[in-house]
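Colleague: The structure follows.
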Amino acid sequence: MAEIQTASRFAVTTEKSVAEAVEAVQAAVVPYQFGVLWHLDINQTLQTKGQEPVAPFHVLEVCSAPRARRALTLQQSTGYFLPCKIVVYQEDATGQTVIGLQRPQVLVDLTDNPPAALQELAQEVEASLMAAIRKAAQ
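Below you can see the structure in the form of C-alpha cells.
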C-alpha cells in the first residue's frame, strides 16, 4: 500500500481488485459513523448512455448524519460539497487500484470565511475518512 497526498487529495493504492476495494470501503466507513448513501459505477452509466467504458471507476457518496448536520448548522454553504465522496478506480498508467478522496479541509477552505469550528470538524472528518481508506486498502 502506497499513500498519495497532494494539497487537495488523499489516496492509497491497494493490491485488491476494484470490486474488492469497493466492498472494503463500504465496510470500513461504518466504525467511523459513516454510511454509503449512493454508489455510482461510472462504466455502468457510460454504457447506458451508449459510451465506451473506461477503466473501472466508482464513486461512493458517504455521510455521517451528525457531522453533516453540524457542518450545515455552522455554515450552510458546506452543503455544496456534501456528502463526502470516496472514489475507487483502476489507475490507467499502472493498472493499480486506487482509493481516495478530496480532502474535506481543502473543500471547507473554499467557503467564504469558514468558522474555526467548521475547520475543526473538517479535520475530524478528514482524519476519519483517511483512516477508513487505509483500513479498506489493507
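Residue numbers for the sequence shown, in numbering that gives the first Met the number 0: 0 to 137.
All residues carry an ideal CB built from backbone N, CA and C; glycine is no exception.
The model shown is predicted, which means the values in this text are computed figures rather than measured ones.
#1: Is the beta carbon of Leu-59 sitting closer than 7 Å to the one on Val-29?
#2: Would you check if the distance between the CB atom of Gln-74 and the CB atom of Leu-117 is smaller than 7 Å?
#3: Per DSSP, Ala-26 is paired with what?
#4: Whose CA, out of Pro-82, Ile-98, Lys-134, lies closest to the CA of Gln-89?
#5: Rounded to whole angstroms, what is the Cα-Cα separation between Pro-52 and Arg-68?
#6: Excluding five sequence neighbours on each side, which residues of the same chain lie with their C-beta closer than 6 Å to the C-beta of Tyr-31?
#7: Fully enclosed by the stretch 51-79, which alpha helix (DSSP H) runs are 4 residues long or longer?
#8: Val-87 and Thr-96 look like a contact to me (Cβ under 8 Å); what is the Cβ gap, rounded to whole Å?
#9: Give me the Cα-Cα distance between Val-107 and Lys-48, rounded to the nearest whole angstrom.
#10: Tell me, to the nearest whole angstrom, how far the beta carbon of Thr-110 is from that of Thr-77; I am working on the premise that it is less than 8 Å.
#11: If you run the structure through DSSP and keep just helix, strand and coil, what is Leu-100?
Modeller: For this structure:
#1: No, these two residues do not count as a Cβ contact at 7 Å.
#2: A contact, by the Cβ cut-off of 7 Å.
#3: In the DSSP output, where bridge partners are listed per residue, Ala-26 has none listed.
#4: Minimum Cα distance to Gln-89 is reached at Ile-98.
#5: Each residue's alpha carbon lies about 37 Å from the other.
#6: Ser-127, Ala-131.
#7: Qualifying alpha helix (DSSP H) stretches, in chain order: 64-73.
#8: So it is a contact: roughly 7 Å between Cβ atoms.
#9: Computed Cα separation, rounded: 34 Å.
#10: Thr-110 to Thr-77, Cβ: 6 Å. Contact.
#11: Strand at Leu-100.
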